[in-house]
Structures are given as structure tokens and as C-alpha cells.
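Heads up: the structure comes next, in C-alpha cells.
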Amino acid sequence: MKTNLLHLTLAEARDGLKKKIFSAVELTEAYLKAMGEHRHLNAYILETPELALEQALKSDKRLAKGEGRALEGLPLAIKDLFCTEGIQTTAGSHILEGFKPPYESTITQNLKNEGAVFLGKTNLDEFAMGSANITSYFGSVNSPWKRQDGKELTPGGSSGGAAAAVSAGLAIAATGSDTGGSIRQPASFTGTVGIKPTYGRCSRWGMVAFASSLDQAGPITRDVRDAAIMLEAMASYDPKDSTSSSREIPCFEKVVGQGVKGLRVGIPKEYRLDGLRDDVLSLWEQGIKWLQEAGAEIVNINLPHTKYSLPTYYVLAPAEASANLARYDGVRYGLRVRGKTLDELYENTRSEGFGEEVQRRILIGTYVLSAGYFDAYYVKAQKIRALVTHDFEAAFQKVDMILTPTTPTPAFALDERSTDPVVMYLNDVLTVSVNLARLPAISVPAGFSQEGLPLGLQLIGPAFDENVLFRGGRVLEEAANFQPWLHKKSSSSL
Amino acid sequence: MSLDQKTVKRIATLARIKLNPDRIESLQHDLNRILDFIEELNEVDTSQVDLLGDGTFSTLSFRKDTVNDGGYVDKILSNAPEVACNMFVVPKVVE
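First to last, the protein sequences are chains A and B.
For the first sequence, counting from 1, position 352 maps to 352 in this note's numbering; every step adds exactly one.
For the second sequence, counting from 1, position 63 maps to 1063 in this note's numbering; every step adds exactly one.
Take a look at the structure:
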């Protein structure tokens, strides 16, 4: 039987390349072909086929000499939030259309150093602000998944293009970024694995800033082992990011199969939100059973400030965004809309260059930081952030990891989205606390909703202990035996 | 706390975003909706919280105070909308 190259995990493709069952050029060509056949998903803002093939050719030469590196010849998608030297980087915004960074982000440089092939830049919510990939200037992304009514579904956001690409076989793995859930929520919606590592594991250098104290890069992959391989390649101490951590980066792949025997798993009652759907609740119960059957001890815990995480986030993230996005002024790079005075030039450029959601957040951020309101909003929110963090610290005295659902609902149809910004914000209600507390968390596809759409479970770990997430995630993944979209598609077309 | 239209316009000026008059009302509505949502934070007693001791993440690394980057004007100007004599061009600021 001929191997379907698009179905392979990163680990399987790596081993296939090493054994010379196929070449990096063949693998890359298969992905480029699939990308061409799935343009209606709008997963990529920019495809870079020539560069991909050029790198694949180099990788084949290295592999022939037995000098393959960790990601040699493996075709990846890069969220269009990571600066890539000489290649357009837009952050999904009109204001950066045509911007070609004169430097490379640390994350993409690390991946290149391991021999990865870049297929292109994936779509995202504008400046990573959104949970449905509908705020991109370059159009919304469609999930490859369909409901019975046939409506186009969101892949989630903000890393929606990355998740759609990995799920639909348009990249073997992808980079994402997560400020409030932007890796984990799309992973949950598309039946892929997504991990947000501990704040500081991955350098933010060259990653377009949204909210600097919350932003963290991480991978979206086909399975937990692939997430471990990707994160190991992405993570590094970087003197160019003063918040990057110099702690040792473990060999994540080694721990993936170690199981959870004897580990204590916390179940926070505060995550049992009013009106949480039955299918989400029963999947959570199922997850508890799976971990128990694998030898984990289940412990009930309290995270009392959980309900304040989302409003806290919606003070801090817009505040930081309003400061970070002040740099887009039409002077040094990106869009310029002329004006008679310098102020008019700024105002015209920013009004035309930023989309509605970005403008809303800049305005809220400007307001909460303005004279007279700083203490009432910003300082207050910082203090509650500390309380949320302390909740987790107390919990991790008693448990090794925490299990929750990733999202309160499965993916919704693009035409069902709410016009109320706050209703859209609720997508992140189960993921956002982790960003406030700077902790690592993984979403693993674990089952299906009533409508037959993917649902993920989230594991949260103590700071700098991604290892427990890979161990627990692998147990959930094995027990769930989740059927990804690619496999469903090929079995239904038989 | 509720924002009036005058405040919405003032924030937009501070943020250097031009607001067309037809957008002010819907923005006022959205911003007030978000502020109502944030208002919930007032329920929390934060009088005992000390923001200084932040444990795991409080140590930032030091580096030598030296020049270790720079010297590539062309690269920096390569994306500029308008350039003259190795400088960014903007509308006249001083009459």
C-alpha cells in the first residue's frame, strides 16, 4: 500500500525521511498540492512554494549524508504573526500589508536551524485578537469540518489558519500563539493538539506583539508526540527577549509515553460553568475516568477567582495592546494614509489600517490606562491577576496537573457569530486563566459533540512543567482514539 | 460608569484613531458593554494583594550595557512609505 504522505504525523514523517522511504521534496510537493486543492479554506495568507522546495532539496542532501536535524525536511506552516525575513508578515492586518521584516523571529529561526521547511504564512485574527478567525483583513478561515446542515464552520482563533491547515493536511504541524486561548481553542475546534507552554519558554522576539505579558508561542500538531517535538525545537533562552527563561529545556519527546500512574489530577469545580453543555460535561467526566483508569488519583480542587479571569483579561490585554499597537503610525513601515498634519496622518492611517475589533480594544485599553482610571481598572486587574495566580499555586501544592474542558462549545457556524463583543469573548472563558497565571496548558482532541464536531480536553500544569502535560495528554489521546478529519475524509470517500 | 459620546471622541483622539461620526453611537454601545463586563471586578477584595512579590517570574536577567546591534539604515528604511536622505518623511511639524 502506498503511504498517504498527508496522513503521517511529524514523528512518522521524520522516520520515513530518515529511512529514505520518501524524500523531503516528495513530502513537500504533496503538501503544496493539497494546499492548492484547499484554497477555499483560506488557511494561508501567503504560500511560499519556491522557498519550500528549495529548502526541501537542501534537506534531502543533508539526509542523504545522514546529517538530518530534528525537523529536517518537515513541511510546517507559520502563523503570520512571526516575522520572517524578506517574506510578507501581516498579523492579519491591513496596516501591515506588504510589510517585509528585515529580520527573522527567534521561533522561526530555531525551526530553520532544525531543518524545517516553511510552506507559507497562515491566516489569523487581526493582531491575534479574536476567537473565530473572522477579524482577519485577509478574510475568515473555514474549518475543514462540516456539520450536518453543511454550514461553513469557524476553525476557532486566533490561530485559525494554523489549526485548519494541520487538520486538513495542508501542513504537518504549525506554529501558533496564545494570549487568551488562541492555540488551545482552535485546536479543540479542529481536532488537533495545541500547547501553550509556560510564559518564557518561547522567545517573543519577532512575534508581533498583542499583549506582551500574556503572549506565548506554541505548536499546533496532529498528536501529542508531535507537540513535544515541535515545542522542543521552538523553545530557547533568548537574550533578545528579557522575559524568556534560561531554565533548562527538557527532552519533551522522551516523557510522552511515561503515563500518569501515581500522578494527582485536580478537578476544579469552578470550571463547571452554569449552562455548560451536556456533551462537554460528559466528555470531561470521561476524561476523568480515562486518567483514573491509567492510574492517576483524582482530587477535587478550588480555583475561587476563576470567574474573574475573563474580565481581568479584558482590562489587561487591551491595555497592553493599546501600548503595543501605538507603533503603527504610518511613518516607518506599513500602511500610510496621508493627512495635512502629522496627527491627521496618524489618525487616518490607524482608522483605515485597523479593523473594528482591534480599534475597540485599542480604545478600551486607552481608556483603562487614561488619567483617573488607571488605578480603578489596570491596577485592580493586576491585583486580581495575582489572586488567580495564587489560586493555581495553592492547587499545585495538592495536585500535579488539572483537567478541564478546553472550550464551552464546539465550533460554531461563521454566520452564527454574535455581534456582541462580550459574547464572543466568552469563547476563552476556560482557557484565559492559564495565560494570566503564565502556566502551561495543552488541548487534546478527546471526543465529539452532539453535532459530530471535535471537542478537546485541557490539561494545565505547574510553571515550567510541560512534561506532565505531555504524559497526561498522551494518556487522553490513547484512550480517546480520536478520529481526525483526514482519516474521516478518507474512510467516507471509500 | 458609562461613557458618553464626548468621552468616546476624547479616547479616540488619545489613541490617534479617526472616528467618523456615524460610528460613534455603535462604538459607544460596544465600549459600554465591555466596561459593564469589566465592572464585575469591583466585587473582589484586593486590599491585601501585594503586587511586588511575584515569585517564579520576578527575576529578569541583566545584560551588559553595550551596543550590540545596529548599523543597517537601509534595512530599517526598506519598508518606509516615504524616505529622503536616509530619513523618514512626515508632514511639516514646525511652521
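Cβ coordinates follow ideal geometry from the N, Cα and C atoms, glycine included.
Keep in mind that this is a model prediction, so the values were computed, not measured.
Item                                                                                                                                                                              : Value
Could you work out which residue in A:Val166, A:Lys33, A:Leu439 and A:Ala56 is closest to Gly181 (chain A) when comparing CA atoms only?                                          : A:Leu439
List, in order along the chain, the chain B residues whose C-beta lies closer than 7 angstroms to that of Arg204 (chain A)?                                                       : None at all; the shortest Cβ gap to chain B is about 14 angstroms.
Residues of chain D with CB under 7 angstroms from Gln382 (chain A), in chain order?                                                                                              : This model lacks chain D altogether, as its protein chains are A and B.
Would a C-beta distance cut-off of 8 angstroms place Phe118 (chain A) and Gly206 (chain A) closer than the cut-off?                                                               : no
Cβ closer than 9 angstroms: which chain A residues qualify as neighbours of Glu1025 (chain B)?                                                                                    : Result: empty, since nearest Cβ-Cβ is about 14 angstroms, beyond 9 angstroms.
Return the residues of the region 1027 to 1041 of chain B that lie within a Cβ-Cβ distance of less than 9 angstroms from chain A, sorted by chain order.                          : Leu1027, Asp1030, Leu1031, Arg1033, Ile1034, Leu1035, Asp1036, Phe1037, Ile1038, Glu1039, Glu1040 and Leu1041
At a Cβ threshold of 8 angstroms, is Val331 (chain A) touching chain B?                                                                                                           : yes
Apart from the five residues on each side of it in sequence, which residues of its chain come closer than 8 angstroms, Cβ to Cβ, to Val299 (chain A)?                             : Arg264, Val265, Gly266, Ile267, Lys398 and Val399
Name the residue from A:Gly452, A:Glu451, A:Gly473 and A:Val429 whose alpha carbon lies nearest to the alpha carbon of Ser443 (chain A).                                          : A:Gly473
Taking the alpha-carbon positions, what's the Phe354 (chain A) to Gly339 (chain A) distance?                                                                                      : 17 angstroms
Sort A:Arg222, A:Ala228, A:Thr190 and A:Gln185 by Cα distance to Pro197 (chain A) and report the nearest one.                                                                     : A:Ala228
Quick one, which of A:Tyr346, A:Thr407 and A:Pro462 has its alpha-carbon nearest Ile1017 (chain B)'s?                                                                             : A:Tyr346
Going by C-alpha distance, which of A:Met129, A:Ile220 and A:Thr179 is nearest Ala164 (chain A)?                                                                                  : A:Ile220
If the criterion is Cβ atoms closer than 8 angstroms, does the pair Asp125 (chain A) and Gly160 (chain A) meet it?                                                                : yes
Quick check on Ser1002 (chain B) - is its C-beta less than 8 angstroms from some C-beta in chain A?                                                                               : no
Quick check: what's the CA-CA separation for Lys488 (chain A) versus Ala217 (chain A)?                                                                                            : 29 angstroms
Measuring CA to CA, which of A:Thr406, A:Gly259 and A:Tyr328 is closest to His94 (chain A)?                                                                                       : A:Tyr328
Can you give the Cα-Cα distance for Gln382 (chain A) and Thr106 (chain A), rounded to whole angstroms?                                                                            : 29 angstroms
Which bits of chain B does Arg336 (chain A) rub up against, with CB to CB less than 8 angstroms?                                                                                  : Pro1081 and Glu1082
Going along the region 415 to 431 of chain A in order, which residues come within less than 8 angstroms of chain B, judged by CB to CB distance?                                  : Asp420, Pro421, Val422 and Tyr425
Just checking, does the region 399 to 417 of chain A make contact with the region 185 to 204 of chain A on the three C-beta pairs under 8 angstroms criterion?                    : yes
Please confirm if Pro1091 (chain B) has its CB atom under 8 angstroms from at least one CB of chain A.                                                                            : yes
Can you list, in chain order, the stretches of the beta strand (DSSP E) that have 3 or more residues and sit fully within the region 400 to 452 of chain A?                       : 401 to 405 and 441 to 448
I need the DSSP call for Asn1068 (chain B), collapsed to helix, strand or coil.                                                                                                   : coil
Output the distance between the C-alpha atoms of Leu494 (chain A) and Val1044 (chain B), rounded to the nearest integer angstrom.                                                 : In this predicted model, Leu494 (chain A) has a pLDDT of only 41, less than 50, meaning its place in the structure is not dependable; the value taken from the coordinates is given anyway. One C-alpha to the other measures close to 58 angstroms.
Taking beta-carbon pairs under 9 angstroms, can you tell me which members of the region 120 to 148 of chain A lie near chain B?                                                   : none
Return the CA-CA distance between Val255 (chain A) and Leu303 (chain A), expressed in angstroms with no decimal places.                                                           : 28 angstroms
What are the residues of the region 215 to 232 of chain A that lie near chain B, defined by any Cβ-Cβ distance shorter than 8 angstroms?                                          : none
In chain order, which alpha helix (DSSP H) runs of at least 4 residues are fully inside the region 134 to 188 of chain A?                                                         : 160 to 168
At the level of alpha carbons, what is the spacing between Ala11 (chain A) and Gly330 (chain A)?                                                                                  : 44 angstroms
Which residues bound the beta strand (DSSP E) around Ala77 (chain A)?                                                                                                             : Pro75 to Lys79
For the alpha helix (DSSP H) that Leu369 (chain A) lies in, which residues bound it at each end?                                                                                  : Glu356 to Leu369
Should the region 14 to 31 of chain A be regarded as contacting the region 52 to 71 of chain A, the criterion being three or more beta carbon pairs within less than 8 angstroms? : yes
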